[in-house]
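Novice:
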Amino acid sequence: MASDKVTYSQFACIGTGFSGIALGCTIKRWYGICDIRFFEKNSDLGGTWFVNQYPGCACDVPSLLYSFSFAPNPEWSKVLPSKDELWNYLSRVCDQYGLRDKMSFNSTVERCEWIEQTARWRITVRDTASNTTFTHECQFLYAGSGLLVYPRKADLPNIESFNGPVFHASQWRHDVDLTDKNVVVVGNGCSASQIVPAIKDQVKHVTQFARSKHWIVPDVKVPHTKVFQWLFMHIPGVMALGRFAVFLFMENSARAFGMDKASAAYRRQVTAEAEQFIKDNAPEKYHDMLIPDFELGCKRRIFDPGYLGSLHSDRVTLRDDPIQEVTPHGIRSKNGFTEADVIVLATGFETNTFCTGIDIVGRGGVTAEEHWKSLGGPGAYNSTNISGFPNFFLLLGPNTATGHTSTVMAIENGVNYSLRLIEPILQGKATAVDVKLDAEKSYTSQIQTALQDTVWLSGCNNWYNRTQDGTVRNAMVYPYSQAYFWYRCLFPVYDDFEYDVSWS
Numbered sequence: 029m030a031s032d033k034v035t036y037s038q039f040a041c042i043g044t045g046f047s048g049i050a051l052g053c054t055i056k057r058w059y060g061i062c063d064i065r066f067f068e069k070n071s072d073l074g075g076t077w078f079v080n081q082y083p084g085c086a087c088d089v090p091s092l093l094y095s096f097s098f099a100p101n102p103e104w105s106k107v108l109p110s111k112d113e114l115w116n117y118l119s120r121v122c123d124q125y126g127l128r129d130k131m132s133f134n135s136t137v138e139r140c141e142w143i144e145q146t147a148r149w150r151i152t153v154r155d156t157a158s159n160t161t162f163t164h165e166c167q168f169l170y171a172g173s174g175l176l177v178y179p180r181k182a183d184l185p186n187i188e189s190f191n192g193p194v195f196h197a198s199q200w201r202h203d204v205d206l207t208d209k210n211v212v213v214v215g216n217g218c219s220a221s222q223i224v225p226a227i228k229d230q231v232k233h234v235t236q237f238a239r240s241k242h243w244i245v246p247d248v249k250v251p252h253t254k255v256f257q258w259l260f261m262h263i264p265g266v267m268a269l270g271r272f273a274v275f276l277f278m279e280n281s282a283r284a285f286g287m288d289k290a291s292a293a294y295r296r297q298v299t300a301e302a303e304q305f306i307k308d309n310a311p312e313k314y315h316d317m318l319i320p321d322f323e324l325g326c327k328r329r330i331f332d333p334g335y336l337g338s339l340h341s342d343r344v345t346l347r348d349d350p351i352q353e354v355t356p357h358g359i360r361s362k363n364g365f366t367e368a369d370v371i372v373l374a375t376g377f378e379t380n381t382f383c384t385g386i387d388i389v390g391r392g393g394v395t396a397e398e399h400w401k402s403l404g405g406p407g408a409y410n411s412t413n414i415s416g417f418p419n420f421f422l423l424l425g426p427n428t429a430t431g432h433t434s435t436v437m438a439i440e441n442g443v444n445y446s447l448r449l450i451e452p453i454l455q456g457k458a459t460a461v462d463v464k465l466d467a468e469k470s471y472t473s474q475i476q477t478a479l480q481d482t483v484w485l486s487g488c489n490n491w492y493n494r495t496q497d498g499t500v501r502n503a504m505v506y507p508y509s510q511a512y513f514w515y516r517c518l519f520p521v522y523d524d525f526e527y528d529v530s531w532s
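If you count the sequence shown from 1, position 462 lands on 490 in the numbering used here, and the numbers rise without skipping.
#1: Since residue 39 and residue 168 should fall inside the 8 Å C-beta cutoff, what is the C-beta to C-beta distance between them, to a whole number of angstroms?
#2: Do the region 347-360 and the region 100-112 make contact, defined as three or more Cβ pairs closer than 8 Å?
#3: Have a look at the DSSP bridge pairing and note the partners of residue 402.
#4: Helix or strand or just coil, what does DSSP make of residue 383?
#5: Distance check for residue 146 and residue 386, CA to CA, integer angstroms please.
#6: So residue 150 and residue 163 are supposed to be a Cβ contact under 8 Å. How far apart are they, rounded?
#7: Within the chosen definition, does the region 71-87 reach the region 105-115 through at least 3 CB pairs nearer than 8 Å?
#8: Just list the residues that DSSP pairs residue 237 with in beta bridges.
#9: Three Cβ pairs or more, each shorter than 8 Å: is that satisfied between the region 436-452 and the region 117-124?
#10: Would a C-beta distance cut-off of 8 Å place residue 420 and residue 176 closer than the cut-off?
#11: Going straight from the alpha carbon of residue 33 to that of residue 522, what length do you get?
#12: Classify residue 295 as helix, strand or coil using the three-state DSSP reduction.
#13: Please state whether DSSP places residue 324 in a helix, a strand or coil.
#14: Between residue 311 and residue 431, what straight-line distance do the alpha-carbon atoms span, to the nearest angstrom?
#15: Where does the unbroken beta strand (DSSP E) through residue 391 begin, and where does it stop?
#16: When the Cα atoms are used, what is the spatial distance from residue 137 to residue 153?
#17: In chain order, what residues of the same chain lie with their CB nearer than 6 Å to the CB of residue 218, ignoring the 5 residues before and after it?
#18: Roughly how many whole angstroms lie between the Cα atoms of residue 399 and residue 501?
#19: Tell me the DSSP secondary structure of residue 204 in three-state form.
#20: For residue 48, name the three-state secondary structure that DSSP assigns.
#21: In the DSSP assignment, the beta strand (DSSP E) including residue 76 goes from what residue to what residue?
#22: Between which two residues does the alpha helix (DSSP H) carrying residue 121 extend?
#23: Give me the Cβ distance between residue 21 and residue 92, rounded to the nearest whole Å; I'm assuming they're in contact under 8 Å.
#24: Three or more beta-carbon pairs under 8 Å between the region 225-235 and the region 246-260, yes or no?
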C-alpha cells in the first residue's frame with residue numbers, strides 16, 4: 029500500500045553512516061541548514077559500524093584519522109578502535125548536531141527520479157516494518173550507502189545441505205552460541221583475521237580455509253594512555269597536530285602503490301619486512317600458506333590483530349586445499365573432511381557496484397545503470413558527479429577507496445566539494461547543477477589510465493578490479509594521494525559544470 033502524501037526536505041540522503049552524518053553536520057556548520065531527511069534501510073544509524081557485528085570487528089586505521097575533523101574525540105581508548113567505540117562516536121556526533129530525529133529507519137529507497145519541471149528529486153521509499161511505500165521529494169539528493177554493502181555469495185557446492193547455521197561475517201548471528209562448537213571460517217581477509225583470534229578460546233576448534241593469500245603487517249602498537257587523552261583534552265592544538273602526524277604517516281605508505289623505480293624499491297623494503305614478520309609470528313608449517321607471491325599493496329594489507337599468534341593454538345587449523353563440497357556435517361576438501369557445527373563465510377562483499385537495488389532515473393529517463401553501461405562501467409567525475417543527474421551527489425562513490433588511509437577524509441572532502449558546487453543554487457542564482465558529459469568521460473578515462481600504472485593491476489586477484497569482456501576496470505580505488513583529492517575538492521573546476529537558471 030502506498031501513501032498519497034508527499035513529504036519534502038531541501039536535502040535528502042540515502043544512508044546514515046559516516047557519509048550521511050558528515051553531510052548533515054556540514055550543512056548545519058556551513059549554512060545553518062537543518063532541512064534534511066535521511067533514509068536508512070537498517071534499524072539504526074552507523075552504516076558499516078552498525079551492520080558488522082562479528083567478534084573482533086575493529087577499524088584498521090588510527091582513530092585520530094578515522095574520525096571527523098570537525099568532531100575530534102580525545103577519549104579514544106585505543107589507536108585502532110573497535111566497532112562498538114566507533115558506533116558510539118557516530119551516535120554522539122549525531123546527537124550533538126541534532127540529526128537523529130531526521131532519520132527514517134527501516135526505510136529502503138527503491139527509486140529516485142529527477143523531475144525536470146520542479147528541479148526536484150522524487151524518492152520512493154519502502155517502510156520495511158509496515159511494508160508500505162511513501163514518496164519524498166528534495167532539492168539535493170545524496171547517496172551515502174557505502175562501498176562494501178552486499179555480501180559476496182559463497183560459491184560452495186551443496187551449501188544448502190549443511191545441517192547447522194551458515195552465515196556471512198557481516199550478518200553475524202548472535203543467537204548462535206559458538207561455545208564448544210567446531211567452527212569453519214571460509215576466507216582469510218580482514219574480517220577472518222579478526223574473527224579467528226576473537227573466537228578461538230570459546231570454540232572447541234576453528235578450521236579456517238584460506239582461499240588466497242594476503243600480506244600481513246604489524247599492528248599499530250602506539251600506547252593510547254590516559255596521558256594522551258589528557259593532552260588531547262587540555263592542551264590546544266595537540267590533537268590536531270597528532271591527527272596531522274598520523275595523516276603524514278599513513279600518506280607516506282601510498283608510495284608502495286606506484287610502478288616506478290622508487291615505488292618498487294620502497295615496496296621491496298616493506299615486503300621483506302612483512303615476510304619476516306609473518307615468519308617470526310606464524311607457525312612454520314603455515315608459512316607457505318600465508319606468504320603471498322604477489323606485490324605488497326596489490327591487495328589491501330592486513331594489520332595483524334593477533335591472527336598470526338592465534339595460529340599457534342591447538343584449537344586453530346589453517347588449510348588451503350580447495351573446498352569440493354559442503355555436506356550435512358561439514359566440509360569435504362581436496363585433502364580430507366572437516367567436521368563442522370557452524371560455518372562462517374568471511375568471503376567479502378560485492379564490489380564495483382554502486383547504489384545497488386535503487387532505480388536512479390535522471391534526465392531523459394536514463395538510469396544510472398544505463399549511464400554507466402554506456403561508459404564501460406561505473407565511474408564519476410571527481411568520484412562524486414554523473415552527467416544527466418542534476419543535484420545528485422555520490423559520497424564514497426566510484427574510485428574513492430584508498431588502500432592505505434582513512435576513507436573518512438574522502439567523505440569529508442566529497443561533502444565539502446558538493447557544497448561548493450551547490451552554493452550558487454543556495455544563493456538563488458541557479459536551480460540545478462550537472463557535470464558535463466565530456467568532463468565526466470575525460471575524468472574517468474584519466475582515472476582508469478592512471479590505475480594501469482599501479483600495483484593494484486599488477487596481476488593478483490583482488491576485490492578492486494573487475495574484468496568484463498576482456499577489459500579490466502577498477503572503480504574502487506583512487507590512484508592519487510588523498511592530499512591531491514583534498515586539493516581537487518577545495519578548488520572545483522566550475523567550467524566542467526552546467527548550471528540551470530530556470531525550470532524551463
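Glycine included, every Cβ here is placed at the ideal spot set by N, Cα and C.
Values in this document were obtained by computation on a predicted structure and should not be read as measured data.
Specialist: Reading off the structure:
#1: Contact annotation, residue 39 with residue 168: C-beta distance approximately 5 Å; criterion of less than 8 Å satisfied.
#2: The region 347-360 makes no contact with the region 100-112; the number of CB pairs closer than 8 Å stays below 3.
#3: In the DSSP secondary-structure assignment, residue 402 is not bridged to any residue.
#4: DSSP places residue 383 in coil when its eight states are reduced to three.
#5: Going by C-alpha positions, residue 386 is about 22 Å away from residue 146.
#6: Confirmed, about 6 Å.
#7: Touching, yes.
#8: Paired residues: 214 and 347.
#9: Result no; under three Cβ-Cβ pairs closer than 8 Å.
#10: Contact: no.
#11: Rounded to whole angstroms, residue 33 to residue 522 spans 37 Å at the Cα level.
#12: DSSP places residue 295 in helix when its eight states are reduced to three.
#13: In this structure, residue 324 counts as coil in the three-state DSSP scheme.
#14: C-alpha of residue 311 to C-alpha of residue 431: approximately 28 Å in a straight line.
#15: Segment: none, residue 391 is in no beta strand (DSSP E) and carries neither H nor E.
#16: Residue 137 and residue 153: Cα-Cα distance of roughly 4 Å.
#17: If we look at residue 218 and ignore the five residues flanking it on each side, its Cβ neighbours are 330.
#18: Our two residues, residue 399 and residue 501, have alpha carbons roughly 16 Å apart in a direct line.
#19: In the structure shown, residue 204 sits in coil (DSSP, three-state: anything other than H, G, I, E or B).
#20: It is helical.
#21: For residue 76, no beta strand (DSSP E) segment is defined; the enclosing uninterrupted segment is the alpha helix (DSSP H) at 76-79.
#22: In the DSSP assignment, residue 121 falls within the unbroken alpha helix (DSSP H) covering 111-124.
#23: With the chain covering 29 to 532 only, the question about residue 21 has no answer from this structure.
#24: The answer is no - the region 246-260 does not touch the region 225-235, with fewer than three Cβ pairs under 8 Å.
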